[in-house]
Amino acid sequence: MSADSTLPKRRVLVVGAGGVGTMVCVALERSGMASVTAVLRSNYEQVLKHGFEIDSIDHGKLSGWRPSSVVNAVPLADQENPFDYVIVTMKNIPEVNNVPKIIAPAVTPDHTTIVLFQNGLYIEPQYTEAFPTNVVLSAPSYIGAHELNGSVVHDDHDNFHIGAFHNKALNEATEKAKLEEFATIYNGSKVVDADMVDDIVFYRWRKVLWNGIFNPMCAITQLDSAAIRRFGGEHSLIRPGMAEMAAIAKADGYDLGDGIVDEMVDATPLELSFRPSMLVDVDKGNPMEVEVILGNALRVAREKGVQTPILDNTYRFLKLTQARLLAARGLIVEPKELPTADLI
Numbered sequence: 001m002s003a004d005s006t007l008p009k010r011r012v013l014v015v016g017a018g019g020v021g022t023m024v025c026v027a028l029e030r031s032g033m034a035s036v037t038a039v040l041r042s043n044y045e046q047v048l049k050h051g052f053e054i055d056s057i058d059h060g061k062l063s064g065w066r067p068s069s070v071v072n073a074v075p076l077a078d079q080e081n082p083f084d085y086v087i088v089t090m091k092n093i094p095e096v097n098n099v100p101k102i103i104a105p106a107v108t109p110d111h112t113t114i115v116l117f118q119n120g121l122y123i124e125p126q127y128t129e130a131f132p133t134n135v136v137l138s139a140p141s142y143i144g145a146h147e148l149n150g151s152v153v154h155d156d157h158d159n160f161h162i163g164a165f166h167n168k169a170l171n172e173a174t175e176k177a178k179l180e181e182f183a184t185i186y187n188g189s190k191v192v193d194a195d196m197v198d199d200i201v202f203y204r205w206r207k208v209l210w211n212g213i214f215n216p217m218c219a220i221t222q223l224d225s226a227a228i229r230r231f232g233g234e235h236s237l238i239r240p241g242m243a244e245m246a247a248i249a250k251a252d253g254y255d256l257g258d259g260i261v262d263e264m265v266d267a268t269p270l271e272l273s274f275r276p277s278m279l280v281d282v283d284k285g286n287p288m289e290v291e292v293i294l295g296n297a298l299r300v301a302r303e304k305g306v307q308t309p310i311l312d313n314t315y316r317f318l319k320l321t322q323a324r325l326l327a328a329r330g331l332i333v334e335p336k337e338l339p340t341a342d343l344i
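Just so you know, we're using full-length UniProt numbering here: the sequence shown kicks off at 1 and counts up by one.
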């Protein structure tokens with residue numbers, strides 16, 4: 001799609017400008033159809049003074065780059081000039097933060113469209129509940145981008161499916177119009193691919209089939225995607241776990257196809273020693289997206305009566321790893337060990 005000069009620039013707020021968020025900012029600004037405000041945290045001072053240093057497979061090398069505005073907190077909505085879109089790219093960890101509450105000050109009822117560039121399955125209902133008069137767009141992204149103190153390496157093409165998560169209180173035509181407008185703006189830079197789809201939940205199931213298996217199992221074992229396969233995990237854990245996840249999706253009405261497990265495993269070649277995001281979080285001592293990636297899928301399994309022994313045990317071990325990470329950050333209190341005499 002080419003830039004539409006008749007479309008006035010849309011005001012966009014991006015909450016969570018790490019690697020993915022920064023590249024979202026770049027794509028929108030370079031379309032010529034959006035004015036972006038980025039909410040930064042740990043990298044705020046660095047970017048305010050020096051801008052981002054970006055090495056992008058799509059956009060090339062950008063030095064000292066900034067969006068239209070950078071701030072260090074979510075701003076209050078200006079009722080005279082509200083944000084047209086609030087984009088969420090921060091991690092979705094319910095144990096740590098309430099994302100709808102975080103973005104609420106910037107959302108104008110009946111106007112602002114919320115766009116979720118986040119991992120996970122059925123993450124949208126918390127937003128439609130918090131913002132019942134606002135359109136919610138959902139986009140499970142496959143972009144590969146990493147940021148450290150203002151430096152971003154973007155080494156995997158920016159492409160994703162995006163769709164409206166239907167809110168029964170809203171008109172579907174309104175949701176479709178917002179979806180089409182956002183896709184037009186995002187694709188305006190001509191080097192990225194935002195592909196509009198009618199049922200975004202299907203594509204979230206496809207992504208969680210990989211994310212819900214490789215991510216937890218690599219995080220628990222601290223092996224990368226190639227090592228966990230070479231050391232025997234492919235046939236004892238990875239493939240059977242994916243088969244369970246595909247069964248949950250099918251019970252939920254989403255048949256991912258007979259060859260989906262082979263397709264997903266083959267998409268992660270042994271030559272690529274990839275460290276999934278949960279493993280990177282463990283490396284850094286950061287809490288993981290346990291609930292939205294695996295917990296939500298297992299809640300669907302319980303509702304639909306699907307047996308998932310491998311995923312159930314994976315979830316139990318992952319929750320223990322999460323508890324260790326949360327305790328180390330002081331986010332939960334580790335129970336004191338009982339004296340030996342008390343255990344007898």
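Glycine included, every Cβ here is placed at the ideal spot set by N, Cα and C. Computed from a prediction, not measured in an experiment: that's the story for all the values here.
1. Using CA coordinates, which residue listed in Ile54, Leu179 and Ser69 is at the minimum distance from Leu148?
2. Look at the alpha carbon of Gly253 and the alpha carbon of Glu172, and state the distance between them as a whole number of angstroms.
3. Can you list, in chain order, the residues of its chain with a C-beta nearer than 7 Å to that of Glu175? Leave out the 5 residues immediately preceding and following it.
4. Kindly indicate the opening and closing residues of the alpha helix (DSSP H) around Gly277.
5. Cutting at 8 Å between CB atoms, please list the residues of its own chain near Leu325, excluding the five before and the five after it.
6. Is it buried or exposed for Gly233, if we count other Cβ within 10 angstroms and need 16 for buried?
7. Looking at the secondary structure, which residues open and close the beta strand (DSSP E) in which Tyr85 lies?
8. So the beta strand (DSSP E) Leu137 belongs to, where does it begin and stop?
9. When the Cα atoms are used, what is the spatial distance from Arg239 to Ile102?
10. Can you find the residues in the same chain that come closer than 7 Å, C-beta to C-beta, to Ile310, ignoring five residues on each side of it along the sequence?
11. What residue range does the alpha helix (DSSP H) around Met23 cover?
12. Take the Cβ of Arg11 as the centre, count every other Cβ of all protein chains shown within 10 Å, and call the residue buried at 16 or more, exposed below.
13. Looking only at its chain, what residues have a beta carbon closer than 7 Å to the beta carbon of Ala297, apart from the 5 residues adjacent to it on each side?
14. If we ignore side chains and look at the alpha-carbon of each, how far apart do Gly318 and Ser68 end up?
15. With a CB to CB cut of under 6 Å and the five nearest residues on each side skipped, what residues in its chain are close to Thr308?
16. DSSP on His154, reduced to helix/strand/coil?
17. Using only CA atoms, which one of His157, Val88 and Ala323 lies nearest to Ala106?
18. Starting from Leu270, trace the alpha helix (DSSP H) both ways and give me its first and last residue.
19. Evaluate Lys91 with the Cβ neighbour count: other Cβ atoms within 10 Å of its Cβ, from every protein chain shown; 16 or more gives buried, anything less gives exposed.
20. Does the separation of the CB atoms of Gly150 and Asn81 fall below 8 Å?
21. How about Asp156 and Ile57: do their beta carbons lie closer than 8 Å?
22. Output the distance between the C-alpha atoms of Pro8 and Thr128, rounded to the nearest integer angstrom.
23. Just checking Leu170 against the ligand COA - is the residue's beta carbon closer than 7 Å to any of the ligand's heavy atoms?
24. According to DSSP, what are the bridge partners of Asp55?
25. Residues in the same chain with beta-carbon distance under 6 Å from Ala251, minus the five sequence neighbours each way, listed in chain order, please.
26. State buried or exposed for Gly19, treating a residue as buried only when at least 16 other CB atoms are found within 10 Å of its CB.
27. From the DSSP output, read off the bridge partner residues of Phe160.
28. Could you pull the start and end residues of the alpha helix (DSSP H) that Ala34 belongs to?
29. With distance defined between alpha-carbon atoms, name the residue in Val24, Lys49 and Phe52 nearest to Tyr85.
30. Closer than 8 Å by C-beta to Asn97: which residues in its own chain qualify, once you throw out the five before and the five after it? Chain order, please.
31. Contact defined as beta carbons within less than 8 Å: I believe Phe274 pairs with Ser225. What is the distance between those atoms, to the nearest angstrom?
32. How far does the alpha helix (DSSP H) with Thr221 in it reach, from first residue to last?
In short, the structure shows the following:
1. With respect to the C-alpha of Leu148, the residue from Ile54, Leu179 and Ser69 having the closest C-alpha is Ile54.
2. C-alpha of Gly253 to C-alpha of Glu172: approximately 21 Å in a straight line.
3. Val135, Ala164 and His166
4. The question names Gly, but residue 277 is Ser in the sequence shown. Unbroken alpha helix (DSSP H) run through Ser277: Ser277 to Lys284.
5. Asp281, Val282, Gly285, Asn286, Pro287 and Met288
6. buried
7. Tyr85 to Val88
8. Val136 to Ser138
9. 38 Å
10. Scanning its chain for C-beta atoms nearer than 7 Å, with the 5 sequence neighbours on each side dropped, one finds around Ile310 the residues Leu237, Pro240, Gly241 and Glu244, in chain order.
11. For Met23, the enclosing alpha helix (DSSP H) has its first and last residue at Gly19 to Arg30.
12. buried
13. Listed in chain order, the non-local C-beta contacts of Ala297 below 7 Å within the same chain comprise Leu121, Val208, Gly212, Met245 and Ile248, local neighbours out to five positions each way being set aside.
14. Note that residue 318 corresponds to Leu in the displayed sequence, not to Gly. For Leu318 and Ser68, the distance between alpha carbons rounds to 40 Å.
15. Glu244 and Ala301
16. strand
17. Val88
18. Counting along the chain, Leu270 falls outside any alpha helix (DSSP H), and DSSP gives it neither H nor E.
19. buried
20. Annotated as distal: Gly150 and Asn81, with beta-carbon spacing of 8 Å or more.
21. yes
22. 27 Å
23. What this structure holds is no ligand at all, so the ligand COA is not there to describe.
24. Paired residues: Lys61 and Val153.
25. So the qualifying residues of the chain are Lys304 and Val306.
26. buried
27. Ser141 and Ala194
28. Element bounds for Ala34: not the alpha helix (DSSP H) but the beta strand (DSSP E), Ala34 to Val39.
29. Val24
30. Met90
31. 4 Å
32. Element bounds for Thr221: Ile200 to Thr221.
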